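Every letter in the sequence shown is one number past the one before it in the UniProt record's numbering, and letter 778, counting from 1, is 778.
C-beta atoms are modelled at their ideal positions from N, C-alpha and C, and glycine is treated no differently.
These numbers come from a predicted model, not from an experiment.
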Amino acid sequence: MGAELRLAWPATIAWAAGFVAIGFPDAAGWVAAAAALSAIGGVAVLVRGSGSIRGRRILAVIALGAAATALVCTSVAVAAPARTPPVLVGAATQHRTVTVEAVVSSAPVVGAGASSGAEQLRFEARGVVMSSRGPEGVSPAVRAAAPLLVFGEMTGEHPRIGSTVRAKGTVKPTDAGEDVAYLLFASAPIAVLAPPPWYLGWADPLRAGLSQAAAALPGDGGDLLPGLAIGDTSAVTAELDAAMKSSSLSHLTAVSGANCAIVVAAVVLLGAVCGLPRRARSVLAVVALAGFVVLVTPQPSVLRAAVMATVVLFALGIGRPGRGIPALSVAVVALLVLDPWMARSYGFALSVAATAGLLLLARPLAGALARWMPLPIAIAVAVPLSAQLACQPILILLDPAVPVAGVLANLLAEPAAPIGTVLGLIGCLLLPVIPGLGSACLQIAWVPSAWIAQIARTVDGLAWTRLPWLGGAAGAVLLALVTASVIWLAVRRRDGPSTRAVSVLVTGLLLTAGAYGGALVGSSVLRSLSIPSDWQYAACDIGQGDAVVVRDGDSHALIDTGPEPAPLSRCLDALGIHRLDLLVLTHYDLDHVGGVDAVLGRVDHAIVGLPETEADRRILSRLQQGGSIIERGAAGLSGSLGALDWEVLWPLPDAATMATGNAGSVTMRFSGAGSSSLFLGDLGEESQDALVRSTTLAPVDVVKVAHHGSSDQSAELYERLRATVGLISVGADNSYGHPTARILEILASVGTVAERTDQQGLVLLAPGVDGAVRVWSERHPAVGGAG
């Protein structure tokens with residue numbers, strides 16, 4: 001094992017250097033030169049042959065690390081200028097419009113809809129030709145390789161990976177070290193200029209055929225199957241996606257590096273059966289692997305596994321068996337040289353950690369577990385456990401909780417995954433040539449796919465499947481230490497004075513971690529117990545968007561759904577809400593309807609804004625298919641929610657203007673049960689003033705502040721309302737500057753207390769004494785008062 005780990009240290013050194021260098025690209029060239037000189041010096045010393053064997057080995061590791069660092073930093077220095085061409089730098093600083101021709105590099109994600117009849121898309125692309133327009137005219141077109149994240153509208157067929165598109169709009173730079181250099185917000189519909197080249201385009205009909213065939217299969221199994229087989233997760237619902245993540249099965253939601261191993265093994269085995277020589281089998285496996293990567297699209301985990309498998313196949317081809325850790329180390333360095341910005345990719349880090357965990361931990365853990373259980377069962381438990389233990393410190397950075405049921409879920413699901421993957425892939429390839437046989441393969445593959453989905457939903461429904469943990473780097477380090485301690489105690493075989501001393505230290509660490517974990521669980525329980533049972537309003541912490549719940553007894557209304565389904569699902573689960581009596585979609589911007597998948601099939605009655613686009617109408621159609629009664633929201637419409645009466649105040653019926661978009665946001669007033677409230681959607685100052693003129697507005701207890709606290713507000717409206725509390729649903733560190741100083745000053749001037757989700761997380765409001773409002777928030781659980 002010591003020899004196998006020698007290449008791991010240079011790879012780790014290069015990874016750390018790349019992590020830092022992409023944040024300071026101007027210094028990368030100097031670091032590369034210094035590292036290259038260090039590597040040359042180390043080699044010179046080694047050639048002289050002086051020093052002890054151990055010292056020479058350490059020096060060899062340092063020299064290799066310096067050489068790998070030089071390669072990665074050279075790649076950063078060469079690629080950085082092309083990522084930030086002057087035309088984009090000038091356009092961003094001077095707010096110029098740019099026109100970019102770019103090659104699409106990721107599958108488009110469809111938004112909720114746009115105001116011009118087109119669909120909202122976002123996708124990654126690499127800009128190749130670009131120009132800008134300023135007061136002096138249009139700049140000459142320049143060629144570059146700037147990675148972009150494009151947001152825009154589009155009609156017709158979505159662009160495929162490898163397509164060339166043209167987008168016109170404004171750009172905003174990202175932070176140094178991000179995988180994309182600029183955000184491009186298209187001001188006109190995106191146009192497709194050319195289809196993908198043949199070496200990428202051949203896979204599109206296969207992906208489309210599998211998606212269409214899987215859609216005919218029932219339930220979650222059909223939705224999950226394309227993800228298992230070829231990485232197409234477009235059919236996975238928000239609830240299923242949340243369940244897969246909660247049960248630690250998210251690596252099965254799409255193709256992982258394990259699929260590359262399956263493809264390589266199958267091709268090599270087939271070649272052996274056919275009597276092909278070793279080198280021919282290796283070449284055939286590389287060709288098949290390249291085709292598989294194109295078919296599933298090059299995700300970080302697939303790229304890592306493909307490069308690693310290629311290294312192993314090369315070693316086999318020349319007669320030297322490939323060993324796991326050296327191959328993984330070479331793969332890491334190769335990928336970082338090709339794209340140094342992977343150094344900060346969580347997906348890449350998780351992929352490497354999972355593979356390293358399997359290679360290093362699976363065998364000793366299986367041996368340790370075999371002391372208490374049969375060896376086959378020990379191996380079955382050790383495989384998912386080793387991957388989970390290796391990945392969990394990284395996952396803590398994304399979600400500060402430990403999924404205690406994850407190992408059990410993986411133990412039950414892992415045996416089914418290869419069957420679903422192989423049969424799904426075979427079915428995908430056979431559908432165009434032998435449709436009947438391809439369909440039969442997919443129908444059989446549906447069984448393991450449905451099994452995995454059912455495990456995810458079952459585990460997700462269990463109580464206390466997640467242990468809260470300290471977040472950030474401190475939490476990751478603490479969990480890594482605890483994990484290493486548990487492994488050491490499990491696999492140690494000798495017992496002497498030094499071993500006993502280490503055991504004491506390890507036991508102390510575990511007791512400390514246990515006490516900390518108990519404190520976290522206790523604080524979580526206390527926080528849950530501190531939630532006021534009589535809360536009436538809940539502003540969900542869903543980022544930059546709106547999702548506010550109104551409650552009376554067992555009756556619930558939801559005003560908008562936020563930008564994504566997963567945060568809304570977490571909020572509704574935390575509040576114990578499984579059914580909605582009323583859903584209000586104030587308008588169709590993504591930050592208000594993007595999370596609608598989380599409530600499909602759970603809504604009785606929906607009040608909606610006027611749909612403008614086909615995408616808007618699809619949202620309503622899906623709600624209807626889920627059993628919802630759809631009704632257009634316009635002034636005069638009214639109803640009840642438990643003991644609360646509600647009334648739509650805006651937009652006006654048959655209005656010629658201000659009927660759609662922000663200006664036409666469905667505005668509702670709730671009153672009764674000792675409380676009153678007004679929800680303003682994204683109304684701007686002009687439409688707020690029109691609302692004041694069109695109806696009589698009395699003071700309210702709660703106002704949902706319009707447009708996340710933008711500056712486009714009517715002081716007169718808030719003066720009329722004189723609300724006790726103003727709820728501001730807004731994302732932390734958002735790029736819009738919300739909430740603005742202007743709206744905060746307006747609220748303060750009329751005595752309205754601002755309660756913000758970006759600072760307080762989930763905010764609950766309950767009735768207080770003498771018309772006051774009690775406030776509870778996730779980050780400040782003690783119930784306070786306003787008014």
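A straight-line Cα-Cα distance of about 14 Å links P565 and A235.
Taking a C-beta distance under 8 Å as the contact criterion, A32 and A77 qualify as a contact pair.
Taking C-beta separations shorter than 7 Å and ignoring five residues to either side along the sequence, the partners of I13 in its chain run G65, A68, T69, following chain order.
Along the segment 164-201, the alpha helix (DSSP H) occurs as fully enclosed runs of 4 or more residues at 198-201, listed in sequence order. An exposed status is given to I629, since fewer than 16 other beta-carbon atoms sit within 10 Å of its beta-carbon.
Contact between P226 and S211 is confirmed by a C-beta separation of about 5 Å, below the 8 Å threshold. Sequence-distant partners of G681 (beyond 5 residues in either direction) whose C-beta falls short of 7 Å from its own C-beta, in its chain, are T586, H587, S665, V666, T667, A706. Under the three-state reduction of DSSP, R622 is assigned to helix. The beta carbons of T740 and S710 sit about 6 Å from each other, so the pair counts as a contact at 8 Å. In the DSSP secondary-structure assignment, R126 is bridged to V103, P147. In chain order, T97, V98, T99, V100, A186, S187, A188 place their CB closer than 8 Å to the CB of K168, counting only its own chain and leaving out the 5 sequence neighbours on each side. Counting only runs of 3+ residues, the beta strand (DSSP E) found wholly inside the segment 737-771 occupies 753-756, 763-767, in chain order. One thing to note: W30 has its Cβ no nearer than 8 Å to the Cβ of A343.
Under the three-state reduction of DSSP, G357 is assigned to helix. Proximity of the segment 390-406 to the segment 343-356 meets the contact definition, three or more beta-carbon pairs being nearer than 8 Å.
Going by DSSP, A17 is part of no beta strand (DSSP E) but of the alpha helix (DSSP H) stretching over 8-21. Boundaries of the alpha helix (DSSP H) around H592: 590-593.
Beta-bridge annotation (DSSP): V584 is paired with I559, I607.
Residue range 435-460 is occupied by the alpha helix (DSSP H) that includes W446. A straight line joining the alpha-carbon of D546 with that of A732 spans about 13 Å.
The DSSP-derived three-state label of A663 is helix.
The beta strand (DSSP E) runs lying completely inside the segment 627-712 and spanning 3 residues or more are 629-632, 638-641, 644-650, 667-672, 675-679, 702-704, given in chain order. Bridge partners of Y537 according to DSSP: V550, L765.
Short of 6 Å from the beta carbon of S687, and not among the five residues preceding or following it, lie these beta carbons of its own chain, in chain order: M658, A663. Between V381 and L369, the C-beta gap is smaller than 8 Å, which places the two residues in contact. In the DSSP assignment, the residues bridged to Q120 are E153.
By the Cβ test, the segment 736-753 is not in contact with the segment 688-699, since fewer than three Cβ pairs between them sit closer than 8 Å.
Under the three-state reduction of DSSP output, V402 falls in the strand class. The Cβ atoms of A176 and A82 do not sit closer than 8 Å to each other.
Among the bridge pairs identified by DSSP, I728 is matched with R756.
Segment contact: the segment 591-607 against the segment 555-569, three or more CB-CB distances shorter than 8 Å; contact assigned. The three-state secondary structure of W488, taken from DSSP, is helix.
Along the segment 18-94, the alpha helix (DSSP H) occurs as fully enclosed runs of 4 or more residues at 28-48, 53-83, 86-94, listed in sequence order. One thing to note: T660 has its Cβ no nearer than 8 Å to the Cβ of L582. In this structure, the straight-line span from the alpha carbon of A285 to that of L276 is close to 12 Å. Put simply, the segment 244-252 touches the segment 398-406. At least three CB pairs are less than 8 Å apart.
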